[in-house]
Amino acid sequence: MAGSGSSAKGKAGQAKQKQKYQNTFAFKSDKYSSKQAEINELPVQGLCKHCLDIIQWRKRMGQYKPLTVPKKCVSCSQKTVREAYHILCNACAGKDNVCAKCQKPEEIMPNTAGKTPAEILLDKQNEERLLSLMTERQRRSYMRKLERGDDEGASKISERITGKGDDDDDDFEFSDEDFEDDE
Numbered sequence: 581m582a583g584s585g586s587s588a589k590g591k592a593g594q595a596k597q598k599q600k601y602q603n604t605f606a607f608k609s610d611k612y613s614s615k616q617a618e619i620n621e622l623p624v625q626g627l628c629k630h631c632l633d634i635i636q637w638r639k640r641m642g643q644y645k646p647l648t649v650p651k652k653c654v655s656c657s658q659k660t661v662r663e664a665y666h667i668l669c670n671a672c673a674g675k676d677n678v679c680a681k682c683q684k685p686e687e688i689m690p691n692t693a694g695k696t697p698a699e700i701l702l703d704k705q706n707e708e709r710l711l712s713l714m715t716e717r718q719r720r721s722y723m724r725k726l727e728r729g730d731d732e733g734a735s736k737i738s739e740r741i742t743g744k745g746d747d748d749d750d751d752f753e754f755s756d757e758d759f760e761d762d763e
């Protein structure tokens, strides 16, 4: 087909018209709707970044329609798909390490609604309490390990502080050889 523009039959060379009316304000869904609040609280999991953005846009614009009954998984042919717009169940998507919506082997984003606000508040209070019990050196070490993603190292420090570990309060281990030189 020669030329750009419309793909409709008989309009090969014509360009599309611009939008007649421009939106003056962004769409906001009804904040008093109980159905919309219910939809916003549904977890979104097992998706790549692109599909996650699509689902979040649908929720934001009021276009999301949740499933009422489970759908059939295209991989295992069982009725185990419980999330709307997914075509794979969580087990198959996790096993194949692919997106549950588009089936592309891309990086899967973490679960968006894993905890309730009360659980988040409780975790934050526990961490603040833990940080208040630490010395400055331990606190800096703990925060550095969290930033680097070393959860195992951070958990060792927190266990040492809460008394679950066998070590004392200090970060060093001395042997008898260290004290023999002073005599």
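Per our numbering, the very first residue in the sequence shown carries number 581; after that it's consecutive.
From the three backbone atoms N, C-alpha and C, an ideal C-beta is built for every residue, glycine too.
All values derive from a computational prediction rather than experimental measurement.
Secondary structure note for Ala592: it is in no alpha helix (DSSP H), with a DSSP letter that is neither H nor E. By the Cβ criterion, the stretch 696-713 is not in contact with the stretch 658-673, since fewer than three pairs of Cβ atoms, one from each stretch, lie closer than 8 Å. Residue burial annotation: Tyr612 is exposed, with fewer than 16 other C-beta atoms found within 10 angstroms of its C-beta. Out of Leu713, Gly733, Ile635, Asn603, the CA that lies nearest to the CA of His666 is found in Ile635. A straight line joining the alpha-carbon of Gln625 with that of Met689 spans about 7 Å.
Counting the other CB atoms within 10 Å of its CB gives Ser735 a total below 16, which places it among the exposed residues. Under DSSP, Lys651 takes part in a beta bridge, and its partners are Val661. From the listed residues Lys645, Ser721, Ser738, Glu708, the smallest Cα separation to Glu618 is found for Lys645.
When only Cα atoms are considered, Asn691 and Gln602 end up about 36 Å apart. The three-state reading of DSSP puts Ile667 in coil, since its state is none of H, G, I, E or B.
Only exposed fits Gln705, as fewer than 16 other CB atoms lie within 10 angstroms of its CB. Around the Cβ of Lys681, a 10 Å sphere holds 16 or more other Cβ atoms; the residue is buried. In the DSSP assignment, Ile688 forms a beta bridge with Cys628. The three-state reading of DSSP puts Asp610 in coil, since its state is none of H, G, I, E or B.
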